[in-house]
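J.: Submitted below is the structure of interest, expressed as structure tokens.
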Amino acid sequence: MRRERDHLRSWRGLTHARSTWRAACVLIMPFALTLLDACSGAQQSVLDPAGPQAVRTDKLWWLFFYVCAFVFVFVMIALFLALRRASLWRDETASARGVTELPMLRPAPEKERRTTNVIVGATCVTVVILFIFLVASYSVGRSLSTRMEQNNKVTIEITGHQWWWQVRYTDSNPQNIFETANEIHIPVGVPVTVELKSQDVIHSFWVPNLAGKKDLIPGKTSILWLRADHPGTYRGQCAEYCGMQHAHMALYVVAEPREQFDAWLAHQRAPASQPTDDSQRRGQQVFLSSPCIMCHTITGTTAGAHVGPDLTHLSSRSTIAAATLPNTRGHLAGWVVDSQGVKPGNQMPPNNLSSEDLMALLDYLQSLK
Amino acid sequence: MTSGCGEKSSGACERLSHVGHREGDSPVGLRPNGLIVRAVVCFVWLAFASLALVSCAREKREFRQAPPAARLESVRDIDLSPGGPAPTPPTKNAAEESAYAVNEGKRLFDQYNCTGCHFHGGGGIGPALMDDKWIYGSDPANIFETIVEGRPNGMPSFGQKISDAQVWELVAYVRSMSGLLPKDVSPTRDDHMSAAPSEQRAPKQVPVGSGIPKSAEMSQ
Amino acid sequence: MNAESSVIEKQREQTKASANQSQHQAAAEARLDRRELDEERDRRELERTWADGRGLWAWLTSTNHKTIATRYIITAFVFFLLGGIEAMLMRVQLARAENSFLSADLYNQIFTVHGTTMMFLFAVPIMEGMGLYLVPLMVGTRNVAFPRMNAYGYFTYLFGGLLLYGGFLLHTGPDTGWFSYVPLAGPAFSPGKRVDVWAQMITFTEIAALVGAIEIIATVFKQRAPGMSLNRIPLFVWSQVVTAFMIIFAMPAVMLASGFLAMDRLVDTHIFNPGEGGDAILYQHMFWFFGHPEVYIIFIPALGFVSTIVSTFARRKVFGYTAMVLSLIATAFLGFGLWVHHMFATPLPQLGQSLFTGASMMIAIPSGIQIFCWIATLWGGKVRLKTPLIFVLGFFAIFTLGGLTGVMLASVPLDLQVHDTYFVVAHFHYVLIGGAVFPLFGAFYYWFPKWTGRMLSERAGRWNFWLMFVGFNFVFFPMHELGLKGMTRRVYTYLPEMGWGDLNLLASIGAGILAIGVVVFLANVFWARRAGEVAGDDPWHSPTLEWATSSPPADYNFVHLPTVQGGYALWEKTVDAPVVVGLKTDCREVLATNVLDAEPDHKYQLPGPSIWPLMLALATAVAFVIGIFTPWAFPVAAALAFASLAGWFFSNPNSDNRRVKMTKPRPLAGHAQAQASEGQA
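Below, the structure written as structure tokens:
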């Protein structure tokens, strides 16, 4: 008996006005707060497209979103109506109190047939919706994987490392090939071919504003093309779990007008600038005689190892440690001395340098424009 | 951990009436052996907890390593002694107890281009590292010094260029190549063409001092 | 007297039958007394025969399906709580940018152990545990088909779980994700024993899952109550059978994957080494060939809970039984055809990807049909809004949303954008918590009276539901948005300038609410076991056979095995429903029926308690745990396993019954078929 009363109380609780409103407010809160937050921007948002692929995917997303939202609301309304309908029998249920055995309902066959028709109809609608989704998805997918016409060829080779990106601009003239790290420059409106490789484990290259992701798999080369339609800086991040510092493996794609890009290219192709003052000269000596030389390359010096990022034009980059820290003197100093404090487990060892040596080294590194 | 769904000896009807009369008595009931079971479970958890406490830290990963000031003085003082292993007290190398550290040593061995001379342990330009012959001693301290100070006839000094923690990792790895480390610490195969069985399966080579190899003498 | 000596005896519905036969009342009463006496005698003898005994030894040797299944459920629930604690730790770490609550190393271990626990140590075992408890009761038999194997399965599962958590406590928790992709999990990039622990634990738990699946299939196909033809099997039992078949096809794939991984790591094989002609992508194919069906292995039993609860509380048959069963089977088949949608970012030909897009979308059709049918059932029913049904209503809301985001993930371009982001985390928590955990909690409320004889509190049940429901949406709905804003999965922290802080904080607060909901459930359970309302045999007026026996059921389940006249056994019970007699009560005998129509086929003796399953499980543990350190563990374990199996097979299956006075078996008159095959027993 007590159970019956419980049931009635809750039933009213679900259908009666005041508590319904309160419950609805609580229920809607996560959704409302999330949508509210959607208005504020984010650095690497899928819904803020800047390239043709991301734009097409964005459109496809909104198609899926609205259709799915409609289906969800439809199902919830159907469920609610089903419960409302059942609620009409509340009094009967109440009068059935005291009956030890509740009877099984045997709905009338013609009613069941009607329901069957409704369900068959709903299923057909589901199939149609899914078919539309399939066709839309396939056509967008095709347009993404087709190679873009390449009138002005830029090919970038990206190699994933634990936990940074090695970037190599290839060219038919071997003299023009150069390397950089964690920052890619591309000309606006020009399709760029990106060849993705991995040196150790599987990574995934993802710049949400420009295109979907692609895995970097050791022993295989995958191809992705990108085009940025607006100048800007787009952040990307490794999307496949790749070990300890997966969280700190990001990069920036800088899209700039052709002239700026060409200037950047010419600058990057040049060897590193030579030290101009005593402090920088001392810094270079520190670099060449300390652990730095075991891993890094600075063209035009004897440093030529490929374990860590190429530092030839370190100061032209806006970040260090795979887009983890801004490239300022203070952060650079902290990184050189205690890289494990910033990114525990990364492959750069801590360096114990005297303060004079450190200052000189920073002078030198900052001169590498 | 009461697992039983019912008292084994009483019938269903009895049980229910029994429940109805005695307030607060669980129908599931703690069987008398429930205590024993609990004791066993507690014991298992205690065992785990104590294991955790005394855990060998074999899997612990140290990233912020000690600065070079911690370098062993005794290592510095060893005389160069070509012609036989130096009689040094055996040094304990912490890196040898961590599979992670040994594996780091393996990575560095490749990345720092040790393979350029020693190849993958078989030797070539430099001596082989996977056999039982040790010109300058097989003790971790000896190998440490070999890397830090360099040796005549081609082994450069890396003292300035490789942090001590990394040298110790390299030392551990070099010793694993001839099976001197326990199997559960030694690295297994890497993701390349395999030239030789992995360090984990390397047969243990009991170290013998060999003095300066003939080829090196001739080049002197 | 004639009636008594036939296999199927007409038993009277006492009140109604007496009205019909008023002139024979006196004679009937006399027979009734006689029958009651017989029944009492049978009951006593069955108790003696099927009891597993008391004490530690009995605990280690028990083969009763209810004992073992309860262990499964409790153990899996403990792992659920541990996994939940890990989830809370992760949410604390992610509550704000650049938090230093957990180190990267610890966070990576925790998210790996969380995923592994929830998938392998909680979801699959608890679903199988529910099946192992309820299926024999629902099909009307005394125990599962292979009781000793059942005990073996539980012990391997337990050892697997202890291995994982033992490793975790020893700072040797795996840290490569619950999927452990090579080469990251391979020997070169995961030194030490962390991933070995993971790989061996997978093999352990999958053995348990396979063993459970075999039992369920054999029990359902051969031990159903007479009359329970295939088209009368309760939907929950169907869902368990379909799941069991999926386990049989899916689990070997992951055991192969984890076995190959262990071999690569321990004995230097080159199966996943591209340098020697191996292939890292092969691992992903093998893993996801299991990994996707795994989701359905967790989800399909939950569909069984939903069907059961909806029909009971709407007081009518589930609308479209055939469509429901076919949908389950279709889901199972399609579930094996869409594993590649986890790998769209790997280099694959576009047409091939589209095939898997089609398959992934197609699986929405059977799910849709089932949701429509349930709504139709409620629509045409008389709804009693009890806690189990409320959890199922929560399931509708959450699962529908999760299913729809699943359709989005099937699309290659969309997946390439949101794959491996928090969008996916949101999606699969909606599907797995909404699709499996909510129905599971509903099932706990529904079957708790059967397990313990007492009701859980309805009032606490509502609190439990609303806290979990609201908390759940607070945790996981913002994650959709986080994924679209580019937050990738498996990151131990994020930079403040990314703009992810607010939503993460919201999610972390929600996690607290969700956790309080689970605590309310625990409190409810502990309270109800002491002071809950006494339930009686059938508190919900349910249709399935488990409610035809006492709560909790006796060791032997039914005094007389029931027969079935319709798909909803207790609702469609005829006035003079017969029961099975003629089974020996002095040994563990059950009735085997045929597969299609469940006609009585022969009698069969099940083995009793035995220590050998535990011994074999220990031998298995020697192989897998010591095997991490030396391959010599395998020959040693093989010898131990041989000894255990020898003990298992050559020990008298009914050694326990020798104490029992042997009585002359009753003849099976009129059933030549059954008699002919009796010798097999």
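Protein chains in written order, with the numbering used here: chain V, -6 to 362; chain S, 751 to 970; chain E, 8 to 688.
Glycine included, every Cβ here is placed at the ideal spot set by N, Cα and C.
These figures come from a predicted structure and were not determined experimentally.
1. Ordered along the chain, which non-local residues of its own chain (more than five positions away) have a Cβ less than 8 Å from that of M156 of chain E?
2. Threshold first: 4 residues or longer. Then list the alpha helix (DSSP H) segments lying entirely within the stretch 366 to 426 of chain E, N to C.
3. If we define contact as Cβ-Cβ less than 7 Å, is G297 of chain V a contact residue for chain S?
4. Whole angstroms is fine: what's the gap from M486 of chain E's alpha carbon to A522 of chain E's?
5. To the nearest angstrom, how far is the alpha carbon of M494 of chain E from that of L385 of chain E?
6. Hey, how far is the Cα of A352 of chain E from the Cα of L189 of chain V?
7. State yes or no: is the C-beta of G574 of chain E within less than 7 Å of the C-beta of R231 of chain E?
8. Let me check understanding here. Comparing Cα to Cα, which of E:L358, E:R322, E:M350 and E:I370 lies closest to S334 of chain E?
9. For a contact meaning CB atoms closer than 9 Å, what does K856 of chain S contact in chain V?
10. Which of helix, strand or coil does DSSP assign to D562 of chain E?
11. Could you pull the start and end residues of the alpha helix (DSSP H) that V185 of chain V belongs to?
12. Who are the neighbours of F196 of chain E on chain V, taking C-beta pairs under 7 Å?
13. Residues of chain V with a CB under 8 Å from the CB of D203 of chain E: which are they?
14. Do P343 of chain V and Q333 of chain V count as a contact pair if the criterion is CB distance below 7 Å?
15. Using the three-state DSSP reduction, which class does W157 of chain V fall into: helix, strand or coil?
16. CA-CA distance, Y79 of chain E and P638 of chain E?
17. Answer with yes or no whether the minimum CB distance from Y172 of chain E to chain V is below 7 Å.
18. At a CB-CB cut-off below 7 Å, which residues of chain E make contact with H870 of chain S?
19. If you check the beta carbons only, do T226 of chain E and P143 of chain E fall under 7 Å apart?
20. When you compare the CB of R939 of chain S with every CB in chain V, is at least one pair closer than 7 Å?
21. According to DSSP, is M293 of chain E part of a helix, a strand, or is it coil?
22. Since I believe G441 of chain E is in contact with I405 of chain E (beta carbons under 8 Å), could you give me their beta-carbon distance rounded to a whole number of angstroms?
23. Mapping the DSSP letters down to three states, classify P817 of chain S as helix, strand or coil.
24. T226 of chain V lies in the beta strand (DSSP E); which residues open and close that run?
25. Show which residues of chain V have a CB atom less than 9 Å away from the CB atom of A945 of chain S.
26. Which parts of the stretch 238 to 322 of chain E are runs of the alpha helix (DSSP H), unbroken and 4 residues or longer, counting only runs that do not cross its ends?
27. Using alpha carbons as the reference points, say which of S:V917, S:N892 and S:H868 lies closest to P284 of chain V.
28. Which residues bound the beta strand (DSSP E) around A599 of chain E?
29. Which whole runs of the alpha helix (DSSP H) in the stretch 614 to 642 of chain E are 4 residues long or more, in chain order?
30. Does the beta carbon of R814 of chain S come closer than 7 Å to any beta carbon on chain V?
31. Between R826 of chain S and chain V, is there a C-beta pair that is closer than 7 Å?
32. Quick one: list the residues of chain E neighbouring R811 of chain S, beta-carbon separation under 8 Å, in chain order.
33. Is it buried or exposed, Q247 of chain E, if we count other Cβ atoms within 10 angstroms and call 16 or more buried?
34. Does the beta-carbon of L748 of chain S have 16 or more other beta-carbons within 10 angstroms, so that it is buried, or is it exposed?
35. What are the residues in the stretch 888 to 915 of chain S lying within 9 Å of chain V by C-beta distance?
36. In chain order, what residues of the same chain have a beta carbon less than 6 Å from the beta carbon of M208 of chain E, not counting five sequence neighbours either side?
T.: Taking the definition as stated:
1. V218, I221, E222 and P620, listed in sequence order.
2. As far as the stretch 366 to 426 of chain E is concerned, its whole alpha helix (DSSP H) runs of at least 4 residues are 371 to 386, 394 to 417 and 419 to 425.
3. The beta carbon of G297 of chain V sits no closer than 7 Å to any beta carbon of chain S.
4. Rounded to whole angstroms, M486 of chain E to A522 of chain E spans 18 Å at the Cα level.
5. Between M494 of chain E and L385 of chain E, the C-alpha separation is close to 40 Å.
6. Rounded to whole angstroms, A352 of chain E to L189 of chain V spans 12 Å at the Cα level.
7. In this structure, R231 of chain E does not lie closer than 7 Å to G574 of chain E by Cβ.
8. The shortest C-alpha separation from S334 of chain E is found at E:I370.
9. The contacting residues do not exist; K856 of chain S stays about 13 Å from chain V at best.
10. Coil at D562 of chain E, not helix or strand.
11. Annotation: V185 of chain V is outside any alpha helix (DSSP H); the continuous beta strand (DSSP E) that includes it extends over V185 to S191.
12. The contact set of F196 of chain E on chain V, defined by CB atoms closer than 7 Å, consists of D193, V194 and G236 in chain order.
13. Neighbours of D203 of chain E in chain V, taken as residues at a C-beta separation under 8 Å, are lacking, since the least C-beta distance is about 17 Å.
14. Taking 7 Å as the Cβ cut-off, Q333 of chain V and P343 of chain V qualify as a contacting pair.
15. Three-state DSSP puts W157 of chain V in a strand.
16. Taking the straight line joining both Cα atoms gives about 30 Å.
17. Not one chain V Cβ lies under 7 Å of Y172 of chain E.
18. What H870 of chain S touches in chain E, judged by beta-carbon distance under 7 Å, is nothing: the nearest beta carbon there is about 12 Å away.
19. Yes, the pair counts as a contact, with Cβ atoms nearer than the cut-off.
20. Under the Cβ criterion of 7 Å, R939 of chain S is not counted among the residues facing chain V.
21. Secondary structure at M293 of chain E: helix, using DSSP grouped into helix, strand and coil.
22. Going by Cβ atoms, the distance from I405 of chain E to G441 of chain E rounds to 3 Å, so yes, they are a contact pair.
23. Model confidence at P817 of chain S stands at a pLDDT of 46, short of 50, so the residue's coordinates are unreliable; what they give is reported in the following sentence. It is coil, neither helix nor strand.
24. Element bounds for T226 of chain V: G225 to C231.
25. Taking a Cβ-Cβ cut-off of 9 Å, A945 of chain S has no neighbours in chain V, whose nearest Cβ is about 18 Å from it.
26. Entirely contained in the stretch 238 to 322 of chain E, the alpha helix (DSSP H) runs reaching 4 residues are, in chain order, 242 to 273 and 287 to 321.
27. Cα-wise, what sits closest to P284 of chain V is S:V917.
28. Taken as a continuous stretch (DSSP letters only), the beta strand (DSSP E) holding A599 of chain E covers E596 to T600.
29. Given a length threshold of 4 residues, each whole run of the alpha helix (DSSP H) inside the stretch 614 to 642 of chain E is given here in chain order: 619 to 628.
30. The beta carbon of R814 of chain S sits closer than 7 Å to some beta carbon of chain V.
31. Reliability of the predicted coordinates at R826 of chain S is poor, the pLDDT of 45 falling under 50, and the value obtained from them is presented with this limitation in mind. Taking Cβ atoms only, chain V never reaches closer than 7 Å to R826 of chain S, which makes this a no.
32. When 8 Å is used as the limit between beta carbons, R811 of chain S is near these residues of chain E: D112, in chain order.
33. With 16 or more other CB atoms across the displayed protein chains lying within 10 angstroms of its CB, Q247 of chain E is buried.
34. Any question about residue 748 of chain S goes unanswered here, given that chain S covers just 751 to 970.
35. Per Cβ criterion, the list reads F908, Q910, K911, I912, S913 and A915.
36. Once the five neighbours on either side are set aside, the close Cβ partners of M208 of chain E are G167, L170 and L171.
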